[in-house]
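Novice:
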Amino acid sequence: MRNPLLSALSERQANFIVKLEAVMPTRHVTNRQINLEATKSDAIQIYGNLPGVEGIGIGNQSLRIYVRNSGVRDNFPQQFQGVPIDFIVTGDISTEW
Numbered sequence: 003m004r005n006p007l008l009s010a011l012s013e014r015q016a017n018f019i020v021k022l023e024a025v026m027p028t029r030h031v032t033n034r035q036i037n038l039e040a041t042k043s044d045a046i047q048i049y050g051n052l053p054g055v056e057g058i059g060i061g062n063q064s065l066r067i068y069v070r071n072s073g074v075r076d077n078f079p080q081q082f083q084g085v086p087i088d089f090i091v092t093g094d095i096s097t098e099w
């Protein structure tokens, strides 16, 4: 399938884009990934501001909750919305300007 944006480019630019697209890896987003993004958003709303929670991300088919110390994870279930939770102990994360 030809990229419809190519018609707005010069021939040189269009050829560059075609060559670039040929070597770029494609990323297919699955429904599972979309569901994990939604689950992550829900988890951030519920757990994101709790003491000891440093961040929330997505692992390999799981949520990742980054916690300050191992004792913090005792306050959480092992799953959230049917998705397993991996806990990663990070210590205190802070920013300095």
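When you line the sequence shown up against the numbering used here, it's residues 3 to 99, in that order. Note that the Cβ used here is the ideal one computed from N, Cα and C, for glycine as well.
1) Can you give me the Cβ contacts of Ala-45 inside the same chain, cut-off strictly under 7 Å, excluding the 5 residues immediately before and after it?
2) Measuring alpha carbon to alpha carbon, tell me which residue in Val-69, Asn-17 and Ser-12 is nearest Gly-50.
3) Taking a contact to mean a Cβ-Cβ separation below 8 Å, would you say Ile-90 touches Phe-78 in this structure?
4) Would the beta-carbon of Asn-71 fall within 8 Å of that of Gly-54?
5) Would Lys-21 be called buried (16 or more neighbouring beta carbons within 10 Å of its own) or exposed?
6) Output needed for Ser-12: all residues of its chain with C-beta closer than 8 Å, excluding positions within five of it in sequence on either side, in chain order.
Specialist: Answer, in terms of the structure:
1) Ile-58, Leu-65 and Phe-82
2) Val-69
3) no
4) yes
5) exposed
6) none
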